[in-house]
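Numbering (my numbering), first residue to last: 264 to 655.
Put into structure tokens, the structure is as follows:
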């Protein structure tokens, strides 16, 4: 089967590349997995009971947009978390936010803008679905460096007007995957005013918003409301995967203005996969409960404190502001990952696998991504081996 031309030169997905890099070499010790960003903390203890109570719901087609009760639970959470009133007509439940980040682009991106080919802005490094969505809508993908020089966030305002005038979507992830950088209120306000000036939408991927050190990260919805920005400018994506350690449940939501949500709902009606009804019932309870979120965040805080202690003598080490990844500088990410695997059995992801080469430069090449998702003791052992192998 031939691959459509628009997808033919996408970078290979990270994990097949990693297997090709490492799997022909035996590990140099007990394996510690720091690669996949899959939460391994306990899920909320009430999940199994709620699922059992609603098991008969698997015998029904679920409401595609979300049950009224689930939409109300999400609306309530947004109000508590961000102080913004977002009614059910501005929400849609998602079968995982990856689906939403892709399908929202299909639903909302115009075929042309100002008579020219549209542009989708993507931070570099990035979550791969951003680039695939841009290709699907046949837009020009403009990869914008998110490096130390820009606070590990893309400086979209520095782009030339001829690019911004064609822009239809700008993706932003905060806290960022992989760097853990948090977009401040000022950053988000500047981006939203840029969107107003040049008439594009901001796709805010906020799946890591409940994992942070210090103050809670601001959200695009709250900044838009505070600044009086048109709600249609913001398309915000949230998930239970990281917040509640439920990556396999595939439950999240998208929030925007009523017009954008109506268009996304229309696409879902024809081509989407709704969240099964029992899982929607579980999601209602999970969005309404904060105790498990606080406990989960405390577990990550312990591991970040361990990382700060273990890397205390490494001048290049910096804790992220949010998320659960370390973004560690090395001379070459692939060489470092292979050395670490061969000598210690610790498995990490080369940063270059999360970024696109532009003009001969890959902004992830000099980094490795370390996912702090394993239990605390395993994480400690792996970080000590990593430090001793690469930094001493």
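The C-beta atom is built at its ideal place from N, Cα and C for all residues, glycine as well.
Distance, residue j Cα to residue i Cα
i           : j           : result
residue 519 : residue 341 : 12 Å
residue 594 : residue 454 : 32 Å
residue 305 : residue 642 : 16 Å
residue 351 : residue 338 : 7 Å
residue 621 : residue 349 : 39 Å
residue 482 : residue 448 : 8 Å
residue 282 : residue 646 : 21 Å
residue 579 : residue 479 : 25 Å
residue 328 : residue 539 : 11 Å
C-beta atoms of residue i and residue j nearer than 8 Å
i           : j           : result
residue 321 : residue 541 : yes
residue 508 : residue 638 : no
residue 586 : residue 440 : yes
residue 576 : residue 596 : no
residue 498 : residue 523 : yes
residue 333 : residue 547 : yes
residue 387 : residue 619 : yes
residue 385 : residue 394 : yes
Classification of residue i by the beta-carbon crowding that lies within 10 angstroms, buried from 16 upward
i           : result
residue 443 : buried
residue 469 : buried
residue 494 : buried
residue 366 : buried
residue 611 : buried
residue 331 : exposed
residue 477 : exposed
residue 227 : Because the chain here runs from 264 to 655, residue 227 falls outside it and cannot be looked at.
residue 324 : exposed
residue 294 : exposed
residue 584 : buried
residue 521 : exposed
residue 346 : exposed
residue 655 : exposed
residue 288 : exposed
CA nearest to the CA of residue i, picked from the options
i           : options            : result
residue 361 : 480, 296, 603, 512 : 512
residue 421 : 432, 548, 407      : 407
residue 411 : 516, 356, 581, 405 : 581
residue 515 : 391, 308, 543, 486 : 543
residue 529 : 363, 429, 308, 465 : 363
residue 399 : 496, 288, 374, 451 : 374
residue 326 : 488, 491, 490, 536 : 536
residue 473 : 489, 438, 491      : 438
residue 496 : 390, 435, 466      : 466
residue 259 : 471, 379, 464      : Here the chain has residues from 264 to 655 only, and residue 259 is not among them.
Nearest-angstrom Cβ-Cβ length linking residue i and residue j, presumed shorter than 8 Å
i           : j           : result
residue 545 : residue 313 : 5 Å
residue 432 : residue 372 : 6 Å
residue 344 : residue 377 : Wrong, their Cβ atoms sit about 37 Å apart, outside the cutoff.
residue 600 : residue 284 : 7 Å
residue 291 : residue 605 : 5 Å
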